[in-house]
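Numbering (UniProt numbering), first residue to last: 1 to 413. Idealized CB from N, CA, C, for every residue including glycine.
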Amino acid sequence: MSDHNRTGAVTLHDVAREAGVSYATASRALNGSDRNVRAENLARVQEAAGRLGYSPHVSAQAIARGSSNTVALIVGAVDDPYFASIADGVAEGAYQAGLTLTAAVTDRSPDMGLQIVRTMRGRRPRVILIAGSRVDDDGVYAALAEELAAYRRGGGRVALLSRNDLDFPTLTVDHHGGAFRLAQALAGLGYRRFAVLHGDDRIRMSYDRRQGFLDGLRQAGIVPDPRHVVATDLNRDGGHRAATALLSAGRDRPGSDPGRSPEAATPPGRNASHSPEATNPPGRNASHSPEATNPPGRNASHSPEATNPPGRNASLSGGGSGAVEAIFAVNDVMAIGVMTAVREAGLVPGRDIAVAGFDDIDAARDVTPMLTSVRVPLRDLGRRALELALADDFPGIVEVQVEVVLRESTPPR
1 MSDHNRTGAV
11 TLHDVAREAG
21 VSYATASRAL
31 NGSDRNVRAE
41 NLARVQEAAG
51 RLGYSPHVSA
61 QAIARGSSNT
71 VALIVGAVDD
81 PYFASIADGV
91 AEGAYQAGLT
101 LTAAVTDRSP
111 DMGLQIVRTM
121 RGRRPRVILI
131 AGSRVDDDGV
141 YAALAEELAA
151 YRRGGGRVAL
161 LSRNDLDFPT
171 LTVDHHGGAF
181 RLAQALAGLG
191 YRRFAVLHGD
201 DRIRMSYDRR
211 QGFLDGLRQA
221 GIVPDPRHVV
231 ATDLNRDGGH
241 RAATALLSAG
251 RDRPGSDPGR
261 SPEAATPPGR
271 NASHSPEATN
281 PPGRNASHSP
291 EATNPPGRNA
301 SHSPEATNPP
311 GRNASLSGGG
321 SGAVEAIFAV
331 NDVMAIGVMT
341 AVREAGLVPG
351 RDIAVAGFDD
361 IDAARDVTPM
371 LTSVRVPLRD
381 LGRRALELAL
391 ADDFPGIVEV
401 QVEVVLREST
411 PPR
């Protein structure tokens with residue numbers, strides 16, 4: 001009988017002694033080496049390992065086989081439903097492929113992302129998936145490209161989500177186009193005075209969504225007050241903090257009309273139909289989703305707060321005609337923070353100030369009023385990214401289309 005209990009941990013040496021074979025034979029039997037092990041020795045080693053409760057070390061298996069049966073997913077944030085939903089899709093795909101998922105978080109730091117890739121390479125996963133938002137930093141990304149290329153030369157598989165400037169299989173989301181179409185839809189509903197909450201411009205996803213929304217407004221003849229285009233953190237607290245500051249500042253300023261540009265003299269929404277993307281009539285739910293079969297705003301009146309006509313209290317946010325009518329946040333968690341700030345200011349989201357986000361996370365349908373958003377098929381994105389990495393061909397860049405979903409948080413004005 002092995003004396004492994006004297007140290008408490010079962011080692012491969014214990015298994016070899018228990019099975020009556022050499023350490024090398026036990027290692028080849030349990031760590032997946034391609035080198036042959038006689039059937040009787042294999043059976044004895046496996047029986048001994050089971051009897052002693054020994055689990056092979058993943059790194060040792062990786063060295064023996066060339067890679068482990070692991071998918072390494074690298075995401076930008078752990079508390080963001082955007083990344084959580086992508087991880088769900090990757091986990092589903094990994095399970096179906098007989099692989100194990102491990103995840104690491106960069107906190108949207110390019111330097112941390114590079115270090116994580118270096119660490120992951122040493123563990124020899126079968127696949128590395130990077131789902132972090134692109135942060136423009138040429139030096140770091142040159143080093144990242146070198147690390148991933150070296151990993152791929154060693155037999156590893158790579159796929160990227162969102163980035164489109166590295167030579168690896170990539171899934172990209174049409175952030176700009178989705179935000180553009182959302183802006184057009186809101187202008188078509190009659191909104192003219194907007195605030196836009198976004199993140200650091202080095203984060204490409206945030207930049208593209210902000211610019212897409214502003215471009216959509218510009219095509220509808222609307223130019224927001226620059227003071228109402230605000231950078232903040234890409235989380236619930238960032239949205240809440242920025243909206244609170246905007247609403248507080250609005251109460252201290254005299255009324256004006258910063259959202260109407262000289263070319264916007266036609267009635268609200270008149271120019272929105274000229275855009276090729278804005279083919280649906282104003283207010284028509286772009287997604288035809290089951291929860292949005294009523295016209296936007298139809299259910300808002302069921303809220304106990306919504307006893308006054310829409311816009312009755314809007315002057316509280318800016319005074320007269322200068323009041324912000326709608327706030328767009330570049331993701332849904334920020335928009336949910338905005339809705340809280342609106343309520344804390346004595347206003348009702350959807351009735352007094354419209355709120356819209358991006359991603360269409362599950363919580364967008366759970367808040368009251370339900371949140372207008374741009375639907376990104378996040379779980380499918382994760383599943384497809386893994387399929388892309390495991391595929392034998394090289395598809396290059398695959399763009400994922402998104403869909404505007406109008407709900408009660410943006411009723412027609």
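task = Going by DSSP, name the residue or residues bridged to residue 194.
result = For the purposes of this step, residue 194 is taken as the residue at position 194 of the sequence shown. When beta bridges are read from the DSSP output, residue 194 appears opposite 326.
inquiry  = Is it buried or exposed, residue 142, if we count other Cβ atoms within 10 angstroms and call 16 or more buried?
reply    = Taking the sequence shown and counting its residues from 1, one reaches residue 142 at position 142. Exposed.
message = I'd like to confirm the pairing. Which residues does DSSP put opposite residue 399 in its beta bridges?
response = The count along the sequence shown starts at 1 and reaches residue 399 at position 399. DSSP, once it has assigned bridges, lists 172 as partnering residue 399.
Residue 393 versus residue 381 - alpha carbon distance = As a first step, residue 393 is located in the sequence shown; it is residue number 393 there, counting from the start. As a first step, residue 381 is located in the sequence shown; it is residue number 381 there, counting from the start. Each residue's Cα considered, the two are about 18 Å apart.
task = Round the Cβ separation of residue 159 and residue 385 to the nearest angstrom and send it over; I've been treating them as touching at under 8 Å.
result = Start at 1 with the first residue of the sequence shown, and residue 159 comes out as number 159. Start at 1 with the first residue of the sequence shown, and residue 385 comes out as number 385. Right, the Cβ-Cβ distance comes to about 5 Å (below 8 Å), so this counts as a contact.
ask   = Whose CA, out of 361, 374, 12, lies closest to the CA of residue 178?
value = Locating residue 178 in the sequence shown gives position 178, counting from the first residue. Measuring from the Cα of residue 178, the nearest candidate turns out to be 374.
message = Can you look up residue 231 in the DSSP assignment and give me helix, strand or coil?
response = Against the sequence shown, residue 231 aligns to sequence position 231. Looking at residue 231 - three-state DSSP - the assignment turns out to be strand.
query = How long is the line joining the alpha carbons of residue 366 and residue 99, rounded to whole angstroms?
reply = Taking the first residue of the sequence shown as 1, we reach residue 366 at position 366. Taking the first residue of the sequence shown as 1, we reach residue 99 at position 99. Spanning the two alpha carbons is a distance of roughly 33 Å.
inquiry  = Along the chain, where does the alpha helix (DSSP H) containing residue 140 start, and where does it finish?
reply    = By one-based count along the sequence shown, residue 140 stands at place 140. That run of the alpha helix (DSSP H) goes 138-153.
task = Take the Cβ of residue 226 as the centre, count every other Cβ of all protein chains shown within 10 Å, and call the residue buried at 16 or more, exposed below.
result = Position 226 of the sequence shown, counted from the first residue, corresponds to residue 226. Classification for residue 226: exposed.
query = Under 7 Å between the Cβ atoms of residue 19 and residue 44?
reply = Translated into positions along the sequence shown, residue 19 becomes position 19. Translated into positions along the sequence shown, residue 44 becomes position 44. Yes; because the gap between Cβ atoms is below 7 Å, this pair is in contact.
query = Apart from the five residues just before and just after residue 232, which ones in its own chain have a Cβ nearer than 8 Å to its Cβ?
reply = In the sequence shown, residue 232 corresponds to position 232, counting from 1. Excluding residues within five positions, the ones whose Cβ falls inside 8 Å are 197, 198, 199, 238, 239, 241, 242, 334.
task = Check residue 317 in the structure and name its three-state DSSP category.
result = By 1-based counting over the sequence shown, the position of residue 317 is 317. Any reading at residue 317 needs caution, since the residue's pLDDT is 40, under 50, leaving its predicted position unreliable; the model's value is listed next. Here residue 317 sits in helix by DSSP.
ask   = What do you get for residue 191, buried or exposed, if any count of 16 or more other CB atoms within 10 angstroms of its CB means buried?
value = The residue labelled residue 191 in the question sits at position 191 within the sequence shown. It counts as buried.
Contact set for residue 47: own chain, Cβ-Cβ below 8 Å, skip 5 residues either direction = Position 47 of the sequence shown, counted from the start, is the residue given in the question as residue 47. Closer than 8 Å at Cβ, skipping near neighbours: 19.
Segment limits, alpha helix (DSSP H) that includes residue 100 = For the purposes of this step, residue 100 is identified with residue 100 of the sequence shown, where counting begins at 1. From DSSP, residue 100 is part of no alpha helix (DSSP H) but of the beta strand (DSSP E) over 100-105.
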